[in-house]
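Residue numbering for the sequence shown is 1 to 241, as defined by UniProt numbering.
Taking it in order: structure first as C-alpha cells, then the write-up.
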Amino acid sequence: MARAADLDRLYELLADLERRVGGTRKLKNCTGYMDWPDRGVYVFLEPGETRASGQRRVTRVGTHAVSAGSSTSLWDRLKQHYGTGNRSADHPHGGNHRGSVYRKRVGEAIIEKYGLHDDYPDWGERWSTIDRDRTEVRDEEYPLERRVSTYIREQPFLWVALDDEPSPDSDRAFVERNAIALLSNVDSATLDPRPDDWLGHHSRSRQIRASGLWNVAHTEDAYDPRFLDRLERAVAETGTR
C-alpha cells in the first residue's frame, strides 16, 4: 500500500510539473534554442497508455552529468535521444544508438518484434568489436535509426530543473534512481500494468520487460521515499517555460 501511495504522489507531482512548464513537449518539436535548464531530470510518457487516474504512464526516467566534471547539459542528453535533424547530409532523421542507450533499447525491441536480426547484425555492438567499415555499418543501420527516431520523437516528455554539481551523489542522480525504483514492477506487485502491445515487451532485457520501463539500471533497487520530497522542491522551483 505504501508503494501505491508513493506512486500516486509521484504522478501528482508530475501533474503539477506539467502545469508549471506549460504542458508536455515532444522531441520532434524541440530545438536547442528553447529555454532549457542547464541540468535536470526528464521523464518520457507513453502515448496512448494511461493509469486508472487517466494520467499518461511514465515509460522512461533519465538525467545527465552524474560523473564528476561532466559538462553535459539537459538538452545535450535529449538531443542524443532525438538523433539527427533534417539537415544531416548523410542520415537525416537518423541517429546514433551507440550514444543513447534509450535508442539502443528501442531498436533492439523493434528487431525482436519484427525478426530483423539478419538486417541489423551489429546493432548495439561496440565499435571495437565490429570488424567492418563504420560507414558501411552506419548506412546499413540507418533505416532502423529512422524508425527509432520516429518512435522516441512522438513520446511526450516533462523535465524538472535540478541544478547541482555533477556527481553520482547529486540530487539529480538521487531523484532519477529512486523514481525508476518506485515505478519499476520488477519483483514487486504490478502497478499500472502495461498493455500487451507495448513495444518494451519485445525487449531483450528482462528488466525492461518486467519493469515496464525503458530503463535497466535501478529497476531492481529498493526506493527511498525521501526522493519525493526533493522532487517536490524541484518542481516548485521549476517555472513556466
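Think of the CB as a built atom: it goes at the ideal place given N, C-alpha and C, for glycine as much as any other residue.
{"Query": "For G22, the three-state DSSP class (helix, strand or coil)", "Result": "coil"}
{"Query": "Per DSSP, the bridge partner or partners of R56", "Result": "T50"}
{"Query": "Nonlocal neighbours in the same chain, by C-beta distance under 7 Å from A179, ignoring five residues either side", "Result": "L10, V61, F227"}
{"Query": "Cross-strand partners of A161 (DSSP beta bridge)", "Result": "G40"}
{"Query": "Residues of its chain near Y4, where Cβ-Cβ distance is below 7 Å and the 5 sequence neighbours each way are ignored", "Result": "The sequence given here has Ala at residue 4, not Tyr. Correct list, in chain order: L191."}
{"Query": "For L27 and R153, believed in contact at Cβ under 8 Å, the rounded distance", "Result": "4 Å"}
{"Query": "Three-way DSSP call (helix, strand, coil) for G239 in this model", "Result": "coil"}
{"Query": "Own chain residues within Cβ distance below 7 Å of L14, not counting five before or after", "Result": "V43, L158"}
{"Query": "As assigned by DSSP and simplified to three states, the class of L45", "Result": "strand"}
{"Query": "Sequence-distant residues of its chain with Cβ nearer than 6 Å to S205 (five each side left out)", "Result": "V216"}
{"Query": "DSSP-derived helix/strand/coil call for P143", "Result": "helix"}
{"Query": "Identity of the residues DSSP links to V61 by a beta bridge", "Result": "V43"}
{"Query": "Distance between P168 and S67 (C-alpha atoms, nearest Å)", "Result": "6 Å"}
{"Query": "H117 classed as buried or exposed, judged by whether at least 16 other C-beta atoms fall within 10 angstroms", "Result": "exposed"}
{"Query": "Beta-carbon proximity list for T240, same chain, < 8 Å, skipping 5 on both sides", "Result": "Summary for T240: the model assigns pLDDT 47, below 50, so the residue's position carries little reliability, and this model does not support an answer."}
{"Query": "Residue ranges of each beta strand (DSSP E) within the segment 143-227, 3 or longer", "Result": "156-161"}
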